[in-house]
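Report on the structure given below.
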Amino acid sequence: MHVMVLGAGVTGVTTAWFLHKAGFEVTLVDRQAEAGLETSFANGGQISVSHPEPWANPSAPLLALRWLGREDAPLLFRPHARMAQWRWALSFLHECLPWRSRRNTRAIASLAISSANHLRALRTETGITYDQLQRGILHLFFSAEEFRQVPARVAELNHLGITARACRADECFEVEPALQRLAGRLAGGIYAPDDESGDAFRFTQALAAHLRDVGVRFHYGTTIERLDRSGERISGIEVRDSAGRTGTLSAQAYVLCLGSFSPALVAPLGQRLPIYPVKGYSVTAPIVDEDLAPGVSLTDESRRIVCSRLGDRLRIAGTAELNGFDASVRPERGRAILDWVNDRLPGAIDPAQAQLWAGLRPATPGNIPLIGKGWGKNLWYNTGHGTLGWTLSCGSAAALAELMQGRRPAPDFPFRPGA
């Protein structure tokens with residue numbers, strides 16, 4: 062069967078890999094000139110299995126009110142008149158109910174564990190490299206009140222099958238010596254030794270190159286204008302290339318991996334996908350002092366900021382901004398991230414060479430991606446991964462390949478089964 066994957070970010074490229082391994086003929090289509098140039102380009106770099114709890118949790122509404130009106134807030138809501146934003150926001154509040162948050166956490170954890178295993182197997186099989194480090198993730202807490210919740214969180218992670226342990230401040234310094242200057246300020250942490258970090262863009266590009274070598278076709282510089290339908294089937298996709306020429310590409314099945322742009326493509330089919338673009342920022346800067354830069358990936362739980370070492374660079378990312386499809390880079394949001402580096406890791410990077418980036422994360426209200434059967438008989442979904450696209454990419458792609466072969470994937474996750 063010939064399958065056309067729509068989108069060549071990390072989700073689309075991993076989808077192509079697992080479909081190819083399952084014996085499908087695969088073609089990828091993307092409007093950019095290369096793979097991974099949009100949301101996958103400069104994310105936080107974490108394979109964060111140890112963070113399955115979604116943004117939509119019981120504490121989120123109060124935090125959002127506390128941050129209201131602050132330009133440096135981790136979660137920034139810029140209200141406007143479009144109904145899609147308000148519909149998504151109301152659904153987000155619904156997903157904050159304790160029982161729904163617990164359900165979503167369990168589902169994400171199950172898929173994330175599977176995804177990490179598939180990533181390791183893929184790396185062994187292909188030999189690709191992407192500045193990966195297998196040193197774990199250290200979650201940091203800067204108040205005694207936050208740290209009091211750590212034992213319960215660790216117990217829950219262990220119950221979900223995720224290895225994690227509570228660390229006093231001095232134990233955090235043993236895990237990551239670069240943090241020692243936070244003595245007296247750091248309350249403690251959670252260390253998840255099995256987590257990883259790496260450059261999602263380099264991973265996506267390397268895997269795309271490997272796919273080309275094994276015969277997968279790519280149509281870059283090709284914008285998908287609309288889906289053509291014939292009865293209950295997608296018969297083709299109408300496209301426009303970078304020179305403005307139009308045409309139609311066809312296959313026997315299609316997989317939607319277009320992130321935040323997925324809902325618009327299927328809306329004419331009567332499909333309403335609960336995906337909204339949540340803008341995130343990152344700063345990438347060269348390391349100037351090896352001893353001051355962490356090798357273990359960090360998550361500052363107080364500020365919702367993550368930090369990963371990518372070779373001779375440090376990637377710091379965070380914030381969530383609900384402002385439609387505005388992908389513009391606001392300097393004040395970048396300054397908040399740089400202020401964090403100067404405060405937590407002073408002297409580690411050269412801020413004068415810092416590169417600021419913003420990308421649109423395709424988020425569902427409960428952070429549960431849409432994986433499985435879509436409209437009609439031959440449209441499938443693998444989209445809506447929010448802040449965990451890099452973490453969940455391999456597991457999602459492997460699960461979709463199984464679903465397309467009529468099998469039930471192993472993770473305990475609300476997949477959309479085929480007819």
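Letter 189 of the sequence shown, counting from 1, is numbered 250 in my numbering, and no numbers are missing.
Virtual Cβ for every residue (Gly too), placed ideally from N, Cα, C.
Keep in mind the model is a prediction, meaning the values are calculated, not measured.
Exposed or buried, residue i, counting other C-beta atoms within 10 Å across all chains shown (16 or more means buried)?
i: S343; result: buried
i: G331; result: exposed
i: K340; result: buried
i: A480; result: Low per-residue confidence applies at A480: pLDDT is 47, beneath 50, and the placement is therefore not dependable enough to give any value.
i: Q313; result: exposed
i: H85; result: Checking the sequence, you will find Phe at residue 85 rather than His. Buried: at least 16 other Cβ atoms inside 10 Å.
i: N165; result: buried
i: F474; result: buried
i: E382; result: buried
i: D260; result: buried
i: T425; result: buried
i: S204; result: exposed
i: L461; result: buried
i: L272; result: buried
i: R422; result: buried
i: L172; result: buried
i: Q416; result: exposed
i: H63; result: exposed
i: L11; result: Residue 11 is absent from the structure shown; the chain starts at 62 and stops at 480.
i: G245; result: exposed
i: G292; result: exposed
i: E99; result: buried
i: L485; result: Nothing about residue 485 can be reported from this structure: the residues present for the chain run from 62 to 480 only.
i: A170; result: buried
i: G320; result: buried
i: S389; result: exposed
Would you grab the beta carbon distance between residue i and residue j for me? Rounded to a whole angstrom, and I think it's under 8 Å.
i: S111; j: A230; result: 19 Å between Cβ atoms; not a contact.
i: S152; j: P335; result: 6 Å
i: E237; j: V357; result: 4 Å
i: S323; j: G437; result: In fact, because the Cβ distance is near 15 Å, the residues do not count as touching under 8 Å.
i: S258; j: R370; result: 7 Å
i: C157; j: N219; result: About 24 Å separates the two Cβ atoms, so there is no contact after all.
i: T76; j: N443; result: 5 Å
i: T284; j: R92; result: 4 Å
i: Q146; j: G385; result: 7 Å
i: V215; j: G249; result: Actually they do not touch by this definition, with Cβ atoms about 11 Å apart.
i: R301; j: T307; result: 5 Å
i: G105; j: A397; result: Contact flag wrong, Cβ pair sits at about 15 Å.
i: T345; j: R391; result: Incorrect: roughly 17 Å between the Cβ atoms, too far for contact.
i: V87; j: H81; result: 5 Å
i: W78; j: L154; result: Going by Cβ atoms, the distance from W78 to L154 rounds to 37 Å, so no, they are not a contact pair.
i: H179; j: A459; result: 5 Å
Where does the unbroken alpha helix (DSSP H) through residue i begin, and where does it stop?
i: F474; result: From DSSP, F474 is part of no alpha helix (DSSP H); its letter is neither H nor E.
i: A325; result: 323-327
i: I174; result: 159-187
i: Q146; result: 144-156
i: G456; result: 450-465
What is the residue span of the beta strand (DSSP E) that residue i lies within?
i: K434; result: 431-434
i: M65; result: 63-67
i: F279; result: 278-280
i: S291; result: 283-291
i: V110; result: That residue, V110, is in no beta strand (DSSP E); it is neither H nor E in DSSP.
i: A419; result: 416-424
i: A77; result: Per DSSP, A77 belongs to no beta strand (DSSP E); it is in the alpha helix (DSSP H), 71-82.
i: T444; result: 440-444
i: V300; result: 294-302
i: T309; result: 307-310
i: L317; result: 314-317
Should residue i be listed as close to the ligand GTP, given that the test is whether its C-beta is under 6 Å from any heavy atom?
i: R405; result: This structure lacks the ligand GTP, and indeed carries no ligand of any kind.
### Query
Is the number of C-beta pairs between the segment 430-441 and the segment 449-465 that are closer than 8 Å three or more?
yes
### Task
Let me know the beta strand (DSSP E) ranges lying completely inside the segment 194-271, each 3 residues or longer, listed in chain order.
198-202, 226-229, 249-253
### beta strand (DSSP E) runs wholly inside the segment 328-395, at least 3 long, in chain order
337-347, 358-361, 366-371, 374-383
### Message
When you compare the segment 350-360 with the segment 403-417, are there three or more beta-carbon pairs, one atom per stretch, that lie closer than 8 Å?
### Response
yes
### Task
State whether the segment 352-362 contacts the segment 462-469, with contact taken as three or more CB pairs (one from each stretch) at a distance under 8 Å.
no
### Query
Is there contact here, the segment 305-321 with the segment 62-80, by at least three beta-carbon pairs under 8 Å?
yes
### Task
Report yes or no: do the segment 266-274 and the segment 186-205 share at least 3 C-beta pairs separated by less than 8 Å?
yes
#### Entry: Three-pair Cβ contact test at 8 Å for the segment 280-292 versus the segment 391-407
no
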